[in-house]
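Reviewing the structure listed below.
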Amino acid sequence: MRVPWIVKHPIQTKYLLIVLVAMLVPTLLIGLCLYHLVFRLLASQIIFPEAIASTVVPVIERVNGVLAVTLPLVLAALTAAAIAISHRFGGPIERLESDLDRILSGDLAHRIQMRPDDDLGGVARRINALAEKLRR
Numbered sequence: 001m002r003v004p005w006i007v008k009h010p011i012q013t014k015y016l017l018i019v020l021v022a023m024l025v026p027t028l029l030i031g032l033c034l035y036h037l038v039f040r041l042l043a044s045q046i047i048f049p050e051a052i053a054s055t056v057v058p059v060i061e062r063v064n065g066v067l068a069v070t071l072p073l074v075l076a077a078l079t080a081a082a083i084a085i086s087h088r089f090g091g092p093i094e095r096l097e098s099d100l101d102r103i104l105s106g107d108l109a110h111r112i113q114m115r116p117d118d119d120l121g122g123v124a125r126r127i128n129a130l131a132e133k134l135r136r
């Protein structure tokens with residue numbers, strides 16, 4: 001069965017936004033600081049003697065090239081990491097809710113299945129025990 005990484009649950013959206021903001025803000029600040037440095041050097045290039053300017057300008061162009069290539073890659077990697085982290089929260093909750101809906105619809109023999117490393121495993125075991133008591 002294919003696992004959907006984006007689940008239709010508000011908690012995943014909430015954590016996705018938190019993680020994205022927590023990762024993107026420092027990344028963008030670093031990028032802006034580098035660009036500020038580059039533009040400051042370019043602005044003061046007029047003051048540089050020709051010998052210094054001929055060595056500084058290629059370095060600035062190289063930094064711009066590296067930033068132009070790496071920043072989109074970093075943003076894509078951060079977005080993928082944010083989706084994976086938010087799925088870790090939202091996925092088990094969505095599964096728990098769908099299993100609870102099935103039990104509430106009258107299928108008291110249904111048991112909630114959680115992965116061993118899911119944080120909601122204890123809750124699932126207790127709900128399974130409750131459903132078993134109600135079934136008797």
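Start counting the sequence shown at 1; every next residue gets the next number (the numbering used here). No residue lacks a Cβ here, since even glycine has one placed at the ideal position from N, Cα and C. Computed from a prediction, not measured in an experiment: that's the story for all the values here.
Item: Environment of Q12 [buried if 16+ CB atoms lie within 10 Å]; Value: buried
Item: Three-state class that DSSP yields for M23 in the structure shown; Value: helix
Item: Contact check, Y15 vs G91, beta carbons under 8 Å; Value: no
Item: beta-carbon R95 near the ligand SAH non-hydrogen atom, thresh 7 Å; Value: For the ligand SAH, the structure offers nothing, since it holds no ligand at all.
Item: D139 burial status per 10 Å Cβ neighbour count (16 or more: buried); Value: Nothing in the structure corresponds to residue 139, since the chain is present only between 1 and 136.
Item: Cβ-based burial, A81 [other Cβ within 10 Å; buried from 16]; Value: exposed
Item: Range covered by the alpha helix (DSSP H) that runs through R111; Value: Where R111 is concerned, there is no enclosing alpha helix (DSSP H), given that its DSSP letter is neither H nor E.
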